[in-house]
């Protein structure tokens, strides 16, 4: 898969979202078609996120491993790769070494 | 001054810029007029940045204090406030408490 290096025609919220004392930082944005996304990065750590709407995580730099709720298998994912998380669920993500940059696609 | 809550018609680079072990994280973007900016955040810390081109820092959340090269006076700046940094120079910035979100205007 190719890596999505940029997003066009975005309206970007200028105040950062800071989670877990800065281990995860993102900026929210809306594209011209109304779709809502965020661009963010996870620093080396193991974090648990809860979802409201379903999410697709798309790697744009670095690597991570993720563990979906109810699964016992950690799966590796990197730049140019995606994984889906159901709504009203949770997942763990762990990063070591290079930060994991991502686009989160909501809904 | 009012706070710039969003930037429109932006082309956003999806890979985060991570500086100082994540104490500063930003995403680069280009607006429709070709102007180059970044949206970022600084976590509690005292950091020294060097400039290539001149920069204008515009706060969008939280507060900081900055010390320009050659100055002996720390100056407070917060959401809705701007400060200018000359090109080929440097400045220190310190943040305590809430993260300082900013837009950096280049050139």
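Residue numbers (the working numbering), protein chains in the order written: chain G, 3 to 109; chain W, 3 to 109.
We treat Cβ as the ideally placed atom computed from N, Cα and C, and that holds for glycine.
Simplified DSSP state of residue i, which is helix, strand or coil
i: residue 24 of chain W; result: helix
i: residue 34 of chain G; result: coil
i: residue 89 of chain G; result: coil
i: residue 40 of chain W; result: strand
Per-residue burial, residue i [other beta carbons within 10 Å of its own, 16 or more giving buried]
i: residue 39 of chain G; result: buried
i: residue 34 of chain W; result: exposed
i: residue 43 of chain G; result: buried
i: residue 30 of chain W; result: buried
i: residue 89 of chain W; result: exposed
i: residue 60 of chain G; result: buried
i: residue 50 of chain W; result: exposed
i: residue 77 of chain W; result: exposed
i: residue 24 of chain G; result: buried
i: residue 15 of chain G; result: buried
i: residue 109 of chain W; result: exposed
i: residue 4 of chain W; result: exposed
CA-to-CA distance, residue j to residue i, given in whole angstroms
i: residue 100 of chain W; j: residue 36 of chain G; result: 30 Å
i: residue 41 of chain W; j: residue 58 of chain G; result: 23 Å
i: residue 27 of chain W; j: residue 19 of chain W; result: 6 Å
i: residue 56 of chain G; j: residue 86 of chain G; result: 8 Å
i: residue 91 of chain W; j: residue 53 of chain W; result: 5 Å
i: residue 8 of chain G; j: residue 48 of chain G; result: 26 Å
i: residue 62 of chain W; j: residue 79 of chain W; result: 10 Å
i: residue 21 of chain G; j: residue 95 of chain G; result: 13 Å
i: residue 82 of chain G; j: residue 68 of chain G; result: 15 Å
i: residue 73 of chain G; j: residue 93 of chain G; result: 9 Å
i: residue 65 of chain G; j: residue 75 of chain W; result: 42 Å
i: residue 107 of chain G; j: residue 103 of chain W; result: 23 Å
i: residue 98 of chain G; j: residue 45 of chain W; result: 20 Å
i: residue 17 of chain G; j: residue 84 of chain G; result: 26 Å
i: residue 70 of chain W; j: residue 13 of chain W; result: 30 Å
i: residue 10 of chain W; j: residue 105 of chain W; result: 13 Å
i: residue 32 of chain W; j: residue 6 of chain W; result: 16 Å
DSSP beta-bridge partners of residue i
i: residue 94 of chain G; result: G:50, G:69
i: residue 80 of chain G; result: G:65
Delimiting residues of the beta strand (DSSP E) encompassing residue i
i: residue 15 of chain W; result: 8–15
i: residue 62 of chain G; result: 57–63
i: residue 4 of chain W; result: Taken as a continuous stretch (DSSP letters only), residue 4 of chain W belongs to no beta strand (DSSP E), as it is neither H nor E.
i: residue 103 of chain W; result: 102–108
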